[in-house]
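Colleague: Input: one structure, supplied below.
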Amino acid sequence: MFKHYSISIALGLTVLLSACATQQFDLAPVNDAKPSFNENQTFWVGGIGQETSVDGAKACGDASKVARVETMQTAGNIGLTILTLGIYSPRQLAITCTP
Numbered sequence: 093m094f095k096h097y098s099i100s101i102a103l104g105l106t107v108l109l110s111a112c113a114t115q116q117f118d119l120a121p122v123n124d125a126k127p128s129f130n131e132n133q134t135f136w137v138g139g140i141g142q143e144t145s146v147d148g149a150k151a152c153g154d155a156s157k158v159a160r161v162e163t164m165q166t167a168g169n170i171g172l173t174i175l176t177l178g179i180y181s182p183r184q185l186a187i188t189c190t191p
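Position one of the sequence shown corresponds to residue 93 (the working numbering), numbered consecutively onward.
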């Protein structure tokens, strides 16, 4: 009984800690460029009814230089969300600019 229980816990933790979510919007080819702007965003209670805004034109110097906008929920972010029972739900934002 204990063996099956520990295997279930190990499998559940593996699935949980390997999870991530990414939303990516490509506006121009980036050719493996690194993000020029990174920001951690804080959301409460799963982000219900909340929104944050970042001006890509200010981050890149001009709106025509924005190549990619990406939001990510890493395994660490998901772990914090689970640890706080969904009260604190961090996300990361990255903006890649063209040269």
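Beta carbons: idealized from backbone N, C-alpha and C, even for Gly. Owing to the predicted nature of the structure, the values given are computational and were not obtained by experimental measurement.
1) With distances taken between CB atoms, is the gap from P230 to T134 smaller than 8 Å?
2) Of the choices G171, T144, A151, S98, whose alpha-carbon is the least far from that of Y180?
3) Sort out for me which residues DSSP pairs E162 with in a bridge.
4) Out of curiosity, what's the CA-to-CA distance linking A151 and S100?
5) Where does G148 land, buried or exposed, given buried means 16+ other C-beta within 10 angstroms?
6) Between Q165 and N130, is the Cβ-Cβ spacing less than 8 Å?
7) Could you give the first and the last residue of the continuous beta strand (DSSP E) run that contains N169?
8) Cα separation between C189 and T144?
9) Taking the straight line between their C-alpha atoms, what separation do you get for G104 and P191?
Modeller: In terms of the structure at hand:
1) Residue coverage of the chain in this structure runs from 93 to 191, which leaves residue 230 outside it and unanswerable.
2) G171
3) Q116, A186
4) 45 Å
5) The C-beta of G148 has 16 or more other C-beta atoms within 10 Å across all chains shown, which makes the residue buried.
6) no
7) N169 -> not in any beta strand (DSSP E); alpha helix (DSSP H) instead, spanning 167 to 175.
8) Taken atom to atom, the span from the alpha-carbon of C189 to that of T144 is near 20 Å.
9) 43 Å
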